[in-house]
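What follows is a set of notes on a single structure, which appears directly below.
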Amino acid sequence: MYLRNCWYIAGEPGDVTDAPVGKVFLGDPVVLFRTGDGSVAALEDRCCHRHLPLSLGQVVDGHLQCGYNGLEPD
1 MYLRNCWYIA
11 GEPGDVTDAP
21 VGKVFLGDPV
31 VLFRTGDGSV
41 AALEDRCCHR
51 HLPLSLGQVV
61 DGHLQCGYNG
71 LEPD
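Just so you know, we're using this note's numbering here: the sequence shown kicks off at 1 and counts up by one.
This is the structure we're talking about:
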């Protein structure tokens with residue numbers, strides 16, 4: 001059993017590049033990406049519109065963009 005409300009290592013700094021990376025932590029899909037200033041961000045890997053994986057999208061001007069509809073979650 002794992003604790004949910006804790007920090008977990010997502011990988012090495014070089015694992016996250018300019019393209020979104022999908023991973024699963026504790027059974028939950030997560031997308032990792034780099035923002036405009038180069039820092040790493042993580043979101044639920046699911047678009048709020050059609051529930052498609054955001055990891056299939058792209059990063060445009062430091063914002064993650066859904067590959068299906070172009071939505072950019074905050």
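Heads up, the beta-carbon is just placed ideally off N, CA and C, and yes, glycines get one too.
No experiment lies behind these values; they were computed from the predicted model shown.
Short check: CB of Cys-48 to CB of Gly-57, under 9 angstroms?
Result no, Cβ atoms of Cys-48 and Gly-57 do not sit closer than 9 angstroms.
What residue does the beta strand (DSSP E) around Leu-32 start on, and which one ends it?
It spans 28-34 - the beta strand (DSSP E) in which Leu-32 sits, taken as one unbroken run.
Using only alpha-carbon positions, find the residue among Leu-64, Phe-25 and Val-16 that is nearest to Leu-3.
Per the Cα distances, Phe-25.
Is Pro-53 closer than 9 angstroms to Pro-29 when the C-beta atoms are compared?
Contact: yes.
Starting from the C-beta of Gly-62, find all residues in its chain whose C-beta is less than 8 angstroms away, skip the five residues before and the five after it, and write them out in chain order.
If we look at Gly-62 and ignore the five residues flanking it on each side, its Cβ neighbours are Arg-34, Thr-35, Gly-36 and Asp-37.
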